[in-house]
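A.B. asks: Quick one: the structure is below, and I'll ask about it shortly.
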Amino acid sequence: MNKKLVGISFFLLASTIALGAFGAHALKKWVDANALASFETGIRYQFYGALILLVLAFRPETMLHHFRFWIRALGLGITLFSGSIYALTLGKMFQLNLNYFGPVTPIGGAIMILSLIMLGLCFVRNAVQE
């Protein structure tokens, strides 16, 4: 078990719940429905990513170097994807121009997709070697 990854996963899950509550109760008073839907997308993908990381934390293979690289990439992708959406939404809330975060969202999503594909390949290659 990777205790550090377990801790990160639970932090992400807890912050997902907190952000979800914030979006459901407070944020909808300050932003339009489109911004709220975007915020909820960020929350949803953060939740998916946190669950994936939690599952990976209990796999012994993830302590191998090539797994660790792609797990970190997945964490970066989650942070860039969801974090940029949060920044864009909060920018609307506080009437700040944070549009420069817009291009970060698809980059984070691409990193998430690539890291999941590569993690899948790592598991397949590792299973073949056994």
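In terms of this note's numbering, the sequence shown opens at residue 370 and continues consecutively. Here a beta-carbon is modelled for each residue, glycine too, at the ideal position from N, C-alpha and C.
Taking the C-alpha atoms as reference points, what is the distance between S407 and G392?
C.D. replies: Their Cα atoms are separated by approximately 10 Å.
A.B. asks: Whole angstroms are fine: how far does the CA of S378 sit from the CA of L422?
C.D. replies: So the two alpha carbons sit approximately 6 Å from each other.
A.B. asks: Quick check on DSSP: helix, strand or coil for A442?
C.D. replies: In the structure shown, A442 sits in a helix (DSSP, three-state: H, G or I).
A.B. asks: Classify M462 as helix, strand or coil using the three-state DSSP reduction.
C.D. replies: Residue state, collapsed to three classes: helix.
A.B. asks: Considering only residues of the same chain and omitting the five flanking positions on each side of N371, which have a CB-CB separation below 7 Å?
C.D. replies: Correct list, in chain order: A426, T431, M432.
A.B. asks: Tell me the start and end of each unbroken beta strand (DSSP E) in the stretch 467-499 that is at least 3 residues and wholly inside, in chain order.
C.D. replies: Counting only runs of 3 or more, we get nothing.
A.B. asks: Among the residues of its own chain, which have a CB less than 8 Å from the CB of L405, if the five just before and after it don't count?
C.D. replies: So the list reads G392, L396, K397, T458, once near-sequence residues are dropped.
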